[in-house]
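**Q** End of the sequence shown = 1357 in the numbering used here, gap-free, step of one.
Take a look at this one; I'll ask things after.
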Amino acid sequence: MSRLAADLLLLAAALIWGLGFIAQSTAMDDVGPLTFTGLRFSLAALAVWPLARLVEKRKRAAMAAADMRACVLIGVVFFAAAALQQWGLVSTSVTNAGFLTATYVVMVPFAVWALYRKPPPFIVWPAAMVSVAGTFLLGGGGIAPLGVGDLLVICGAVFWALHVTLIGLVAMRSGRPLHLAAIQFAVCGVCGLAVGIPLECPAMAAIVSAAPEIVYASLVAGALGFTLQAVAQRYTPPADAAIILSGEGVFAAIFAAWLLGDRMQMAGAIGAGLILAAILAVELAPLARRARRTRKTIS
């Protein structure tokens, strides 16, 4: 797969998640955050696992034990990120949650530096800062006073940064993105239900009421969106991927205007433009480097 195709898959994942953010918020009217997370990713695991097994049968060698353990670790990190974000949404505004979650874009280059022992390309640093600034403006250029929910979302952002970094490493090493996606979904789903059912005691009527949001968040935002991410990150570096995925905020604003009647203010339009500029910067930078190398080779 080419780098451009991988980046387009990441952009598609951002679009899917942008719509999914609305489902995540409205589902909290009926079920608790841990129960929602557990149900969401248990269904996602059931959806992706048959595809993963089909692909696995075509492989000549079984998945290495080290890669299997790494996938389980990613699942635990994934659960921490998703649960903290969902829990935070109960007691903070969508604006605060969207902005604070987006700070993971700045954290990813540091995580890449720590795990890969080399800094990402220079363009990533300013692009990450521009992306976070754009998200701030997209939320209206303001943020309510921070509370417990905001602290949970910030902790979740740390785990999202670690998740994006580890996915890039393990997806490239194992060559089994579908297997990785299925395992992380299963681990996250089991953890969510194991903790959520005894703590939140969900009623069946509440689960049925939240079923449309759960199904969308499971099969589309979950199974499809995160699987696209796992496939694409075999070819796109984690720091670049994080910036492209920040387009989720732009798509969330577009869908909110379309489905909920929200109006985007001037600050929001400027913020959306900044995020798109950051995405273009990390997309065009590799092409510029390749062109310079070509000119040097010719000369």
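We treat Cβ as the ideally placed atom computed from N, Cα and C, and that holds for glycine.
The model shown is predicted, which means the values in this text are computed figures rather than measured ones.
Taking the alpha carbon of Leu1173 as the point to measure from, which residue in Gln1082, Asp1298, Leu1220, Asp1065 has its own alpha carbon closest?
**A** Counting from one through the sequence shown, the residue named residue 1173 turns up at place 115. Nearest of Gln1082, Asp1298, Leu1220, Asp1065 to Leu1173, Cα basis: Leu1220.
**Q** Go ahead and label Met1165 buried or exposed: buried means 16 or more other beta carbons lie within 10 angstroms of its beta carbon, across all protein chains shown.
**A** As a position in the sequence shown, residue 1165 is number 107, starting the count at 1. Buried, because 16 or more other Cβ atoms sit within 10 Å of the Cβ of Met1165.
**Q** So, are the CB atoms of Phe1094 and Ala1085 less than 8 Å apart?
**A** Start at 1 with the first residue of the sequence shown, and residue 1094 comes out as number 36. Start at 1 with the first residue of the sequence shown, and residue 1085 comes out as number 27. Taking 8 Å as the Cβ cut-off, Phe1094 and Ala1085 qualify as a contacting pair.
**Q** Output the distance between the C-alpha atoms of Pro1296 and Thr1161, rounded to the nearest integer angstrom.
**A** For the purposes of this step, residue 1296 is taken as the residue at position 238 of the sequence shown. For the purposes of this step, residue 1161 is taken as the residue at position 103 of the sequence shown. Looking at the two C-alpha atoms, the distance is approximately 15 Å.
**Q** State whether the region 1110 to 1127 contacts the region 1234 to 1251, with contact taken as three or more CB pairs (one from each stretch) at a distance under 8 Å.
**A** Result yes; three or more Cβ-Cβ pairs closer than 8 Å.
**Q** Which value, in whole angstroms, describes the spacing of the CA atoms of Ile1337 and Trp1171?
**A** Position 279 of the sequence shown, counted from the first residue, corresponds to residue 1337. Position 113 of the sequence shown, counted from the first residue, corresponds to residue 1171. So the two alpha carbons sit approximately 20 Å from each other.
**Q** Tell me, to the nearest whole angstrom, how far the beta carbon of Ala1071 is from that of Gln1323; I am working on the premise that it is less than 8 Å.
**A** Numbered from its first residue, the sequence shown carries residue 1071 at position 13. Numbered from its first residue, the sequence shown carries residue 1323 at position 265. Incorrect: roughly 27 Å between the Cβ atoms, too far for contact.
**Q** Just the C-alpha distance for Leu1067 and Arg1292, rounded to the nearest angstrom, thanks.
**A** As a working mapping, residue 1067 is identified with position 9 in the sequence shown. As a working mapping, residue 1292 is identified with position 234 in the sequence shown. Each residue's Cα considered, the two are about 11 Å apart.
**Q** In angstroms with no decimal places, state the Cα-to-Cα distance between Pro1235 and Ala1105.
**A** Taking the first residue of the sequence shown as position 1, residue 1235 is located at position 177. Taking the first residue of the sequence shown as position 1, residue 1105 is located at position 47. Whole-angstrom Cα-Cα distance: 14 Å.
**Q** Based on Cα-Cα distance, which residue from Ile1181, Glu1258, Ala1119 lies nearest to Val1340?
**A** In the sequence shown, the residue the question calls residue 1340 occupies position 282. Checked all of Ile1181, Glu1258, Ala1119; the closest Cα to Val1340 is Ile1181.
**Q** Ile1261: buried (16+ other C-beta within 10 angstroms of its C-beta) or exposed?
**A** In the sequence shown, the residue the question calls residue 1261 occupies position 203. Note that residue 1261 is Ala in the sequence shown here, rather than Ile. The residue is exposed, with fewer than 16 neighbouring Cβ atoms inside 10 Å.
**Q** Going by other Cβ atoms of all chains shown within 10 Å of its Cβ, with 16 needed for buried, is Val1308 buried or exposed?
**A** Locating residue 1308 in the sequence shown gives position 250, counting from the first residue. It counts as buried.
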